[in-house]
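For what it's worth, full-length UniProt numbering labels the leading residue of the sequence shown as 1, then goes sequentially.
Scroll down for the structure; my scribbles are underneath it.
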Amino acid sequence: MPTAFSDEVVSAILRHMNDDHTDDNLLIVRAFGAPDATAATMTGLDGDGGDWRVEQPDAEPAKLRVPWPSGSITERPEVRREVVALYDAACARLGVEPRPH
1 MPTAFSDEVV SAILRHMNDD HTDDNLLIVR AFGAPDATAA TMTGLDGDGG
51 DWRVEQPDAE PAKLRVPWPS GSITERPEVR REVVALYDAA CARLGVEPRP
101 H
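This is the structure in structure tokens:
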């Protein structure tokens, strides 16, 4: 069973991703399963991966689960590392120059 982070931790991470990294959310979902996405919102996460709500043209919103690149995690600081790794991998897949971290 994946590690479940506290509601407070998940809320803080989702707020940060959805307020400060909307472009990163879209890049991640386009690279990992929804290439035609027009918008993406991170909706959850646990020790095995992150969840996004994806909007696509001419389709109902869909859910997309993306596993963490390094495998399962158990500690809050690991979430940042894994999201950054997802962003870097998405940039590589899509041929986008990543910004410095």
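From the three backbone atoms N, C-alpha and C, an ideal C-beta is built for every residue, glycine too.
Exercise. When the Cα atoms are used, what is the spatial distance from Thr3 to Asp46?
Worked result: Each residue's Cα considered, the two are about 6 angstroms apart.
Exercise. Since Trp52 sits in a beta bridge, which residues does DSSP pair it with?
Worked result: Trp52 has Met42 and Leu64 as its beta-bridge partners, per DSSP.
For this session: With Ile13 as the anchor, note down where its alpha helix (DSSP H) starts and where it stops.
Result: For Ile13, the enclosing alpha helix (DSSP H) starts and ends at Asp7 to Asp20.
For this session: If I'm right that Ala85 touches Ser70 with Cβ under 8 angstroms, what's the distance once you round it to whole angstroms?
Result: Between Ser70 and Ala85 the Cβ distance is about 7 angstroms, and since that is below 8 angstroms, they are a contact.
Exercise. What did DSSP end up calling Asp23 once you bin it into helix, strand or coil?
Worked result: Helix, per DSSP.
Exercise. Just how far apart, CA to CA, sit Met17 and Ala34?
Worked result: In this model, Met17 and Ala34 are separated by some 18 angstroms (Cα to Cα).
Problem set entry | CA-to-CA distance, Tyr87 to Asp24, given in whole angstroms | CA-to-CA, the gap between Asp24 and Tyr87 works out to about 6 angstroms.
Problem set entry | Buried/exposed call for Leu26, threshold 16 Cβ in 10 Å | When all chains shown are included, Leu26 counts as buried.
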